[in-house]
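Below: the structure, in structure tokens.
Numbering (the numbering used here), first residue to last: 12 to 353.
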């Protein structure tokens, strides 16, 4: 069976990544693509790397006939998706890639995103889209909220450790490096080549990054009590990838074994042998996440390093993984492509 797919916001990086992945998906066919400023253009004009594909033209959202769509991906900017999703048919399956439905508490959304949530009834319906930990809920969901790419990386490193009680919950530090595509495709002065190339910098330090809302929500839920982590992201002059170095108090061998046990049957999560550390070059363009654990010279401390591609496993690949479950398709369909190297 072929499922008919619409992508809203197809002119952005995550929209293009969805098209790239769905192009070889055995059971999905793109029937509609939307854009705002680029409506009326062919996808090949916006993204020449996709010119070999026979794709529908980019149109405005209100020009799409959703009665001809089985599932819709929303790759729209934050704070715009609520209004758009509220206007879509209530029987349409939706995977949202924005932040608009990630936080269950409307007050938390207002705290981290600076405005009241405009679709609280839909917020209550949404299922958090970290696939490996919410499979059953995602299978039966109509609306799935994709995670933040940074939030996914940190959770893959920490959720099993928090659940197993093998680390000190009051002493967790996440030092994260991210590629520039995570900032989106819109023009920004600090992302110009001359401003970014040849250097790196921390941003949203001191507990200001919005993905902390997801860490607070999910880690506290797993632990059954409040868990607050230190988190500092850094912007690197590379196109794709996230590397999170996570510092915890706990026995390093136990930490490694806990992650191995948690992920031994997960198709996209790979735990390296103890002492080996992953690189972003090993997962580029793929839906894989690699994790490594080493001990520290200070007894009773461990370092966990997690890497994934922010556009694939951190966003569009995760979205397709969730859509596969929602449509009754094999979870790995269209996603087992090997990473790009070099």
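From the three backbone atoms N, C-alpha and C, an ideal C-beta is built for every residue, glycine too.
Judged by DSSP secondary structure, residue 145 falls outside any beta strand (DSSP E); it is assigned neither H nor E.
Look at residue 156 here: in three-state DSSP terms it is strand.
The straight-line gap separating the alpha-carbon atoms of residue 101 and residue 183 is approximately 41 Å. With a beta-carbon spacing of about 7 Å, residue 30 and residue 66 fall inside the 8 Å limit used to define contacts. For residue 321 and residue 190, the gap between their C-alpha atoms comes out near 8 Å.
When Cβ pairs closer than 8 Å are counted between the two stretches, the segment 236–251 is seen to touch the segment 211–227, the count reaching three or more.
Residue 12 sits in coil when the DSSP states are folded into three classes, being neither helix nor strand. Per DSSP, reduced to three states, the secondary structure at residue 37 is coil, with no helix or strand assignment. If only complete runs of 4 or more residues are kept, the segment 246–287 shows the alpha helix (DSSP H) at 263–274, in order along the chain. Counted as a single uninterrupted DSSP element, the alpha helix (DSSP H) harbouring residue 119 occupies residues 117–124. With respect to the C-alpha of residue 350, the residue from 154, 251 and 94 having the closest C-alpha is 251. Non-local C-beta neighbours of residue 233 in its own chain, meaning closer than 7 Å and more than five positions away in sequence, comprise 170, 173 and 174, ordered along the chain. Contact between the segment 30–48 and the segment 71–78 is present: 3 or more CB-CB pairs across the two stretches fall below 8 Å. In this structure, residue 162 and residue 324 do not form a Cβ contact; the two beta carbons are roughly 12 Å apart against a cut-off of 8 Å. Rounded to the nearest angstrom, the Cβ distance from residue 317 to residue 168 is 4 Å, consistent with a contact under 8 Å. Collapsing the DSSP output to three states places residue 24 in a helix.
Across the set 338, 265, 275 and 159, the C-alpha of 159 shows the shortest separation from the C-alpha of residue 220. With distances taken between CA atoms, residue 340 lies nearest to 36 out of 36, 18 and 32. By the CB criterion at 7 Å, residue 123 and residue 217 fall outside the cutoff.
For residue 84, the enclosing beta strand (DSSP E) starts and ends at 82–85.
Inclusion of residue 229 and residue 131 in the CB contact set at 7 Å is not warranted, their separation being larger than that value.
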